[in-house]
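Numbering (this note's numbering), first residue to last: 12 to 314.
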């Protein structure tokens, strides 16, 4: 007897089975579920890891910040005590009648190999004052404004309008009692000089010297550029008519450079020397203004 067939008319709906479809066997279903589980577990692990990292970062932000421990510094020369330069300073501050004002760019204050602390350590406190800043006015600094307006104040800054210091002293009816020197890179010094009208009130002077800088651990634009300490040493020696002042002020600078060279520092040749001898390590700038400066250095023209 034939097995009885299930009767179905075209209008009857096909009952959907809750089991697997014809294209998917039970094994296929198990395989699909097996593939999904690791992916879901991986996503869950990543989410947990992200939350853990976020919580860890939040915990780090909440930790108290401890300032980095700095090496003890000498109160006189401002150098670390292990490399103190006080043995090369004069036993007592030099006796001078000239007042020296150092206008220091803020960026110089944090540099380790700066010369102003050595200069200040050699001079009486009432004769050497350091003023830090980029902009000065009568409202911000009445004392400096008064100094700049005095007829016996000079500012040491090279330029076409600057008189030679020694020649100026021969013709000046008033002997200078104060000199201002700007401390910073050449671009920083230029910015301070031209953007502060106070510094164009005193008579502008410059040093006439062919001596190369002894500050050989820092790159200078030209062979004739001097550090702040060297400028002050030369100027004070001329104003005080005492060559011993220059010798005394240069002694700690020489010791500083010697110590650095003995501990791995290299002699820094001027940009002028490097350009003229084809040793400049960087490509020539594309900026026309900077390129013009390079050309002036190569032709030994003052900038």
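The beta-carbon is built from N, C-alpha and C at its ideal position, and this holds for glycine as well.
Only a predicted model underlies this, so the values are computations on that prediction, with no experimental measurement involved.
Open item on the list: Considering only the alpha carbon of each residue, which of 159, 114 and 241 lies closest to residue 140?
Closed with: 114
Open item on the list: Is the separation between the beta-carbon of residue 212 and that of residue 262 shorter than 8 Å?
Closed with: no
- [ ] Give the secondary structure of residue 128 by DSSP, where H, G and I count as helix, E and B as strand, and everything else as coil.
- [x] helix
TODO: Give me the Cα-Cα distance between residue 166 and residue 275, rounded to the nearest whole angstrom.
DONE: 36 Å
TODO: Would you decide whether residue 224 is buried or exposed? Buried here means 16 or more other CB atoms lie within 10 Å of its CB.
DONE: buried
Task: Contacting residues, own chain, Cβ-Cβ under 7 Å from residue 242 (five flanking each side not counted) - done: 167, 192 and 218
Open item on the list: Within a Cβ cutoff of 7 Å, which residues of the same chain sit near residue 95, ignoring the five residues on either side of it in sequence?
Closed with: 85 and 88
Open item on the list: On the criterion of 16 or more Cβ atoms from any shown chain inside 10 Å, does residue 277 qualify as buried, or is it exposed?
Closed with: exposed
TODO: Less than 8 Å between the CB atoms is what I'm expecting for residue 279 and residue 229, so what's the real figure, rounded?
DONE: 6 Å
Open item on the list: Measuring straight from C-alpha to C-alpha, what distance separates residue 112 and residue 253?
Closed with: 20 Å
Open item on the list: Quick check on residue 203: buried or exposed, where buried means 16 or more other Cβ atoms within 10 Å of its Cβ?
Closed with: buried
Task: Residues near residue 237 in its chain [Cβ-Cβ closer than 6 Å; skip 5 each side] - done: 224
Task: Endpoints, the beta strand (DSSP E) within which residue 114 is located - done: 110 to 115
Open item on the list: Please identify the residue among 104, 190, 123 and 116 whose C-alpha is closest to the C-alpha of residue 1.
Closed with: In the structure as shown, the chain starts at 12 and stops at 314, and residue 1 therefore has no counterpart that could be examined.
Open item on the list: Whole angstroms are fine: how far does the CA of residue 190 sit from the CA of residue 169?
Closed with: 14 Å
Open item on the list: Distance check for residue 273 and residue 214, CA to CA, integer angstroms please.
Closed with: 41 Å
- [ ] Helix, strand or coil for residue 139, going by three-state DSSP, please let me know.
- [x] strand
TODO: Specify whether the segment 118 to 138 and the segment 174 to 181 touch according to this definition: at least 3 beta carbon pairs, one from each stretch, less than 8 Å apart.
DONE: no
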